[in-house]
Amino acid sequence: MAKYLVIVESPAKVKTIKKFLGQNYDVEASNGHVRDLPKSQMGIDVEHDYEPKYITIRGKGDILANLRKKVKKADKVYLATDPDREGEAISWHLMAALKLEDKKVRRISFNEITKTAVKASLKAPRAIDMDLVDAQQARRVLDRMVGYSISPLLWAKVKRGLSAGRVQSAALRIICDREEEISAFIPQEYWSLEADVLCEGEKKPMRVKFYGDSKQKLTIGNRESLDKIIEAVKKEEFRISDIRVGERVKKQPLPFTTSTLQQEAANVLNFSTQKTMRLAQQLYEGVDIKGNGTVGIITYLRTDSTRVSEEAQASAARFIQAEYGEEYALAEERKEKNGGKIQDAHEAIRPTDISMTPAKIKDSLSRDQFRLYQLIWRRFTASRMAAAVYETTNVKLDAGEYRFTAAASKVKFPGFLNVYDEQDEKKEPNALAKNLTMDTKISLKEFDYKQHFTQPPAHYTEASLVRALEEAGIGRPSTYAPTITTIIARRYVAKENKNLYVTELGEVVNHIMKEAFPSLVDVAFTANMESLLDGVAEGVVKWKTVIRNFYPDLMEAVTEAQKQLETVKIEDEVTDEICENCGRNMVIKYGPHGRFLACPGFPECRNTKPYLEKIGVPCPLCGGEVVIRKTKKGRRYFGCSNHPECEFMSWQKPSSQKCPKCGNYMVEKGNKLICSQQSCGYLMEK
212 MAKYLVIVES PAKVKTIKKF LGQNYDVEAS NGHVRDLPKS QMGIDVEHDY
262 EPKYITIRGK GDILANLRKK VKKADKVYLA TDPDREGEAI SWHLMAALKL
312 EDKKVRRISF NEITKTAVKA SLKAPRAIDM DLVDAQQARR VLDRMVGYSI
362 SPLLWAKVKR GLSAGRVQSA ALRIICDREE EISAFIPQEY WSLEADVLCE
412 GEKKPMRVKF YGDSKQKLTI GNRESLDKII EAVKKEEFRI SDIRVGERVK
462 KQPLPFTTST LQQEAANVLN FSTQKTMRLA QQLYEGVDIK GNGTVGIITY
512 LRTDSTRVSE EAQASAARFI QAEYGEEYAL AEERKEKNGG KIQDAHEAIR
562 PTDISMTPAK IKDSLSRDQF RLYQLIWRRF TASRMAAAVY ETTNVKLDAG
612 EYRFTAAASK VKFPGFLNVY DEQDEKKEPN ALAKNLTMDT KISLKEFDYK
662 QHFTQPPAHY TEASLVRALE EAGIGRPSTY APTITTIIAR RYVAKENKNL
712 YVTELGEVVN HIMKEAFPSL VDVAFTANME SLLDGVAEGV VKWKTVIRNF
762 YPDLMEAVTE AQKQLETVKI EDEVTDEICE NCGRNMVIKY GPHGRFLACP
812 GFPECRNTKP YLEKIGVPCP LCGGEVVIRK TKKGRRYFGC SNHPECEFMS
862 WQKPSSQKCP KCGNYMVEKG NKLICSQQSC GYLMEK
């Protein structure tokens, strides 16, 4: 009887796939990569056309020995690693490590781990796609060149243990640029004005919003303008100038890609990108479903395509018609408008079987697995359903020269909203008076007004950073989560209450990278490199050409940077602070959370204390010194040296100048000073 060997990446898949295949098939796992570049050196032979020097990964010897035994007994070997560039590269490395002949080995791939998909892949084996392998090799070699060339420079200039990366440096730059925008942002005052009006024959008032005049929308910039409008409106009668009833169609959402799944799971479930990918991997590889055994319940999780297979579309249409009615099924496929390159080899992320509803399998999943599966199931089902239709009513009311508006909408046909009501869907109270006509008499009851200030751009969250990386064309679905995890683990970025903040260390590293390697942290350059890698995957660019063009410029920048960069003096700088234990002058050291004072007599004397850098400004509350402090996560703020007795703190750098208008302290905003009391809003040049 013939004996076949199927090699997968993850041990979790072994059990699932073994169940689908007969006794003639043996299923083994490689546990991910088996060969890689050595850790002790760059591992790229620059003299011999940038040839990578691959070695067996430490600890993989026993796995390979076991696989070699199995290969000898097998009549045919199927390499069933993941259906992406990295999976293709792992199959190629397995061929080399196991010394497999082309005759004996075939590559198979499947987008979902179901019996149908696995058996279908065995009927359509193929050769290894060297274009995909070369695209992965090019990415690995580029990343190694950047990391191993620049990281030692950061060790020399800042401290050991730091790292630079092609994608992570661009991501850090994006976050730092946003921090600078926020710091320099100057709030502008504006006022909102609403009025409660009574319509003829109604007991409840109707709320209307100030719009402007009959020609254009107006912004109320200050209290004086507000008072002028209120006084003018009080003298006039309200009359309805327009009533418009219409329809608004809300399109169904597209099914999830890796990026949109990470964003939605962060916003709705408060999952980190790393957690989302870990749970999605479990759902893809297989979970033990009561009555079904181990089965993969979602399709492959690394994709930037919203395409859905014809079989899945047909299955969804049958399910929706049966469960909700024929009018709820999607009549026409919604296409994504996207100018960027999409690797359309994969489908969108969807359930492998739409009839396996979250409620049916809830008892077989952990709480977090269930929540993520439910999100994926609802989004996919909604994407196959008809659009929602709202009936809208818009009313314009004029009072003299000024115009107010009121609007309401109600669901006419819920469509996909029966399954998936997006988080940002605003629930508008249906507050319009009934039976409104152009002749309805209206009287003013009262005004409601509030002072507001324009807000700076929001700090990035993991979700919004993923969106920014995707929009800029930086990285690929498989790189978003590791990139964010790395910059947080390196303490370049601190995560507090979902928001990402640059730490002092992150600012130092970004400054060095911008100064010495401007192209590497340039978003357009990094995005262009991604499109070159796509060209390699498509077979239109040779991977060695990308490397040959990149490496000489990189080495020139590294050599120049070594000569010119000033050492960032944050280690062992002697201070006037005396160690109370042994009398030595304490020195500034650099730790995971930034600078601190340590006794140079270590290890005999282990005294340490916080390093409080004075900024030369007296505390506005108690007159003490304002110093730079840090939160536990490393975010910088300004506080008083007399803390905790004095509770002064400011995210913005305070100035010693007082506001001439209200007497509060001023803070620096770029090249301007602004009053710390937002309602005052006084502004002056520094």
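For the sequence shown, position 428 matches number 639 in the working numbering, and the numbering has no gaps at all. C-beta atoms are modelled at their ideal positions from N, C-alpha and C, and glycine is treated no differently.
Put simply, the region 319 to 333 does not touch the region 347 to 354. Fewer than three CB pairs are less than 8 Å apart. For the pair Gln666 and Ser380, the Cα-to-Cα distance works out to about 27 Å. The secondary-structure analysis by DSSP pairs Ala619 across a beta bridge with Thr604. Contact between the region 451 to 469 and the region 582 to 599 is established, with three or more Cβ pairs separated by less than 8 Å.
Between Cys851 and Ser360, the alpha-carbon positions lie close to 41 Å from each other. In this structure the region 263 to 271 lies against the region 242 to 251, because at least three pairs of beta carbons, one per stretch, are closer than 8 Å. Residue pairing by DSSP puts Lys706 in a beta bridge opposite Leu711.
Taking a C-beta distance under 7 Å as the contact criterion, Ile799 and Glu815 do not qualify as a contact pair. In the same chain as Cys873, and ignoring 5 residues on each side of it, the C-beta atoms closer than 8 Å to its own belong to Cys886, Gln888, Cys891, Tyr893, in chain order. Distance from Thr510 to Thr563 at the Cβ level is roughly 6 Å; contact confirmed, criterion being Cβ atoms closer than 8 Å. Secondary structure at Thr697: helix, using DSSP grouped into helix, strand and coil. For Ile268, there is no enclosing beta strand (DSSP E), since its DSSP letter is neither H nor E. Taking the CA atoms as reference points, Gln427 sits about 30 Å from Glu392. Nearest to Leu275 by alpha-carbon distance, out of Phe615, Pro222, Leu309, is Leu309. The three-state reading of DSSP puts Lys656 in strand, counting E and B together.
Under the criterion of beta carbons closer than 8 Å, Tyr584 and Ile531 do not qualify as touching, at roughly 18 Å. Within the model, the alpha-carbon separation for Gly684 versus Ala382 is close to 11 Å. Contact between Phe859 and Leu832 holds, since their C-beta atoms are separated by about 4 Å, short of 8 Å.
Looking only at Glu521, Ser452, Gly750, the smallest Cα-Cα distance to Glu612 is reached by Ser452. In this structure, DSSP gives Gly298 a helical state, which the three-state scheme calls helix.
Counted as a single uninterrupted DSSP element, the alpha helix (DSSP H) harbouring Cys387 occupies residues 377 to 395. Within the region 855 to 888, the complete beta strand (DSSP E) runs of at least 3 residues fall at 865 to 869, 876 to 880, 883 to 886. Rounded to the nearest angstrom, the Cβ distance from Arg318 to Ala338 is 6 Å, consistent with a contact under 8 Å. Non-local beta-carbon contacts of Ile324 in its own chain, meaning distances under 8 Å to residues more than five positions away in sequence, involve Lys224, Thr227, Ile228, Tyr495, Glu496, Gly497, Val506, Gly507, Thr563 in chain order. Around the beta carbon of Ala367, fewer than 16 other beta carbons lie within 10 angstroms, which makes this residue exposed. Here Ala540 is bridged, per DSSP, to Met596. In summary, Ser566 is exposed, with fewer than 16 beta-carbon neighbours lying within 10 Å of its beta-carbon over all protein chains present.
Residue pairing by DSSP places Cys410 opposite Ile653 in a beta bridge.
Lys439 and Ile431 have their C-alpha atoms roughly 10 Å apart. In this structure, the CA atom of Ala692 is about 34 Å from the CA atom of Leu311. Our two residues, Tyr422 and Leu655, have alpha carbons roughly 16 Å apart in a direct line. For the 7 Å CB-CB criterion, Gly372 and Gly358 do not form a contact. Proximity to Ser374 across Ile572, Glu767, Ala700, Glu715 peaks at Ala700, based on C-alpha coordinates.
Secondary structure at Met797: strand, using DSSP grouped into helix, strand and coil. Runs of the beta strand (DSSP E) lying entirely within the region 476 to 535, each at least 3 residues long, are 498 to 500, 504 to 506 in chain order. For Cys790, the CB contacts under 8 Å within the same chain, skipping 5 residues up- and downstream, are Asn796, Met797, Cys810, Gly812, Cys816, Asn818 in chain order.
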